[in-house]
Each structure stands twice: as C-alpha cells, then as structure tokens.
Amino acid sequence: MTNSMTAFSRIEGDGYVWEIRSVNHRGLDVRAKVPDSLSQLESDVVQMVRKNISRGKVDVVFRLQLAGSKTNNESTAIPVQLKNSLDSLVDALPGKLSPTIDLMALHRTIESDSSNNLDFSGLEESIKRDFQSVLDDFLAERQREGEALNSVLNEKVNSCNLRVAELEEQRQEQIETVRGNLENRIAALQVEVDATRIAQEVALIAQRADYVEELERVRVHLDEIESRLSTDEPIGRRLTFLSQELLREASTLASKAQTPECASLAVDLKVFVDEIREQAQNIE
Numbered sequence: 003m004t005n006s007m008t009a010f011s012r013i014e015g016d017g018y019v020w021e022i023r024s025v026n027h028r029g030l031d032v033r034a035k036v037p038d039s040l041s042q043l044e045s046d047v048v049q050m051v052r053k054n055i056s057r058g059k060v061d062v063v064f065r066l067q068l069a070g071s072k073t074n075n076e077s078t079a080i081p082v083q084l085k086n087s088l089d090s091l092v093d094a095l096p097g098k099l100s101p102t103i104d105l106m107a108l109h110r111t112i113e114s115d116s117s118n119n120l121d122f123s124g125l126e127e128s129i130k131r132d133f134q135s136v137l138d139d140f141l142a143e144r145q146r147e148g149e150a151l152n153s154v155l156n157e158k159v160n161s162c163n164l165r166v167a168e169l170e171e172q173r174q175e176q177i178e179t180v181r182g183n184l185e186n187r188i189a190a191l192q193v194e195v196d197a198t199r200i201a202q203e204v205a206l207i208a209q210r211a212d213y214v215e216e217l218e219r220v221r222v223h224l225d226e227i228e229s230r231l232s233t234d235e236p237i238g239r240r241l242t243f244l245s246q247e248l249l250r251e252a253s254t255l256a257s258k259a260q261t262p263e264c265a266s267l268a269v270d271l272k273v274f275v276d277e278i279r280e281q282a283q284n285i286e
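Quick note, the sequence shown lines up with residues 3 to 286 if you use the working numbering.
See the structure below:
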C-alpha cells in the first residue's frame, strides 16, 4: 500500500496530550520530546515509530494539557503575577532602567519545568498505550493520504500513456514532414547537386527527427511506475528516480518535435511527467 510521508495525529489522555506529525524527508528522522520524568519512554517511543515507518521527518511530542484544566482567569494568573513583580522591580530600579522580559515565554518555561518535575509513577503503561493509539491513527492517516496520492499518480500515468500513443501516431507524419521540407529547400536553391548524396543527407536528418527510441524508453518507465504503484513496499525513492529519468526522456523527445502537433503533445507529456515527479516526493 502506498503511504504518504505527511500526516498528523493527536490524542488526549488524562491531563496530557500526545501529538505526532511528519513531513517529507530523504531518509528517516524521528525525534521525541517528553518530560524528564518520562525519559525512560523516549527510546521506546522512537523505536515504535521506526518499526512502522521507513521515511519522513517525524516529531513526537508529549505535553501536559494545563490550559484545559483551568478557567481563563486561572490560566492567565501566572503571567499577571509576573507582570506585577516586574512593575515592582522597575519602580525599585534607579533612573530610567527598564528591563524587558517576554512574560509568555517565561510562563511557558515555568510550565515546562513543572511538567518535568511531575511524578508519573504508575502511569507509564497507560501513557504508552495512549501513544500506541495515536501512532495507529497516525499510520492510518499516512495510508489514507497515500491512497489518494496513488490514485492521482495513476491518473497522471494514464494521461502520459495517452500522449505517448498520440505521439506514436504522429511520428511517421513528422518524419515525412521533415523530409518534405528539406527537399523543398534544396529544390528552391536551384543548384546542381549529386542526387544520391542529397538523398542520403535527407534520410540522415529525417532519422534524427525520429523519436521512436525516446518513446520506447518512456513506455518502459511508465510501465514500471504502474507496477510499483500496485505493490505494498515503500516506493518513494524508486518513484523519484523513475520520474527523473522519465522527465529526461520527455525533454529529449520534446527537443525533436518538429511539427506543431508533436510539439504540443510533447509539452503535455512533460507537464504530466513533472507532476508525477512532484507527487512522488510525498510518498514514503
């Protein structure tokens, strides 16, 4: 099953909150932020994530739900007390000295210190079970988004296949158009030249305008992308590589397009390939 590298999940426990969020990353980077009093759980949490995820930057946060257990007046009591203390300090200082303190930042520091000093004895297993719940929801979210990306990528691949089929239909016409244009230019010069040599040169230039090899390689890459999208393994790195190769072939093909029809189809193909490349970067 295709999984996305981006997801978010949150669960509320008894006076605390677990949160997991992840974004795109070349490899796997898992970081957990828990109070000092729960430091023994940090390693377990990181390992639980690593067992289920192969790519992405994952941040795990445990924090107390202090605001939820207080009224608005109570939740602002500490900042108000700090401000009163600061005003008293200013009055006591000589001259016009006026210290500046970020009261809310100081408040958050006090809250953080408080959570570090709390005793979670006997609650470790309950807290760990809650983490397993939030992790399960997080993994399900990555899977849901991955399924949506899988559908989008399949649509883009189908669009590419349609353009490839149309380019195949236009290929011989382009070769004949290039050949005819060259012959007309040579005839307009009205000079005596060796007919055999002219035929050879015309054939060579027409051959260079033939994009059959590029079409074949594009088909191979599109077929492999379709195959990868139907597997249950992590495919993000492989899809990124394939989309880069696909874009290179599409660019070469576009440079060979000589007729308006071929040029338009080649541009469409490049657009869809680039969209595949962008979406592939979101997949695990």
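The beta-carbon is built from N, C-alpha and C at its ideal position, and this holds for glycine as well.
Please classify residue i: does DSSP put it in a helix, a strand, or coil?
i: residue 57; result: coil
i: residue 228; result: helix
i: residue 31; result: strand
i: residue 237; result: coil
i: residue 19; result: strand
i: residue 36; result: coil
i: residue 125; result: coil
i: residue 193; result: coil
If distances are taken between C-alpha atoms only, which option among the options comes closest to residue i?
i: residue 32; options: 51, 21, 64; result: 51
i: residue 36; options: 28, 22, 29, 26; result: 22
i: residue 62; options: 161, 132, 181; result: 132
i: residue 231; options: 187, 285, 168; result: 285
Could you give the distance in angstroms between the alpha-carbon of residue i and the alpha-carbon of residue j?
i: residue 310; j: residue 194; result: Shown here, the chain extends from 3 to 286; a query on residue 310 therefore has no answer.
i: residue 56; j: residue 149; result: 17 Å
i: residue 281; j: residue 47; result: 29 Å
i: residue 76; j: residue 240; result: For residue 76, the pLDDT reaches just 45, beneath the cut-off of 50, and the residue's location in the model is therefore unreliable, although a value from the coordinates is still provided. The alpha-carbon atoms of residue 76 and residue 240 are separated by roughly 54 Å.
i: residue 237; j: residue 142; result: 18 Å
i: residue 189; j: residue 179; result: 15 Å
i: residue 254; j: residue 215; result: 10 Å
i: residue 217; j: residue 275; result: 13 Å
i: residue 303; j: residue 34; result: The first residue shown for the chain is 3 and the last is 286, placing residue 303 beyond what the model contains.
i: residue 11; j: residue 227; result: 30 Å
Along the chain, where does the beta strand (DSSP E) containing residue i start, and where does it finish?
i: residue 11; result: 9-14
Can you list, in chain order, the residues of its chain with a C-beta nearer than 8 Å to that of residue i? Leave out the 5 residues immediately preceding and following it.
i: residue 234; result: 3
Can you list, in chain order, the residues of its chain whose CB lies under 6 Å from that of residue i, leaving out five sequence neighbours each side?
i: residue 287; result: Since the first residue shown for the chain is 3 and the last is 286, residue 287 is missing from the structure and cannot be characterised.
Can you name the start and end residues of the alpha helix (DSSP H) that residue i belongs to?
i: residue 286; result: Looking at the DSSP string, residue 286 is not in any alpha helix (DSSP H), and its letter there is neither H nor E.
i: residue 265; result: 262-282
Just to confirm my understanding: we take residue i, look at its own chain, exclude 5 residues before and 5 after, and list those with CB closer than 7 Å. What are they?
i: residue 221; result: 166
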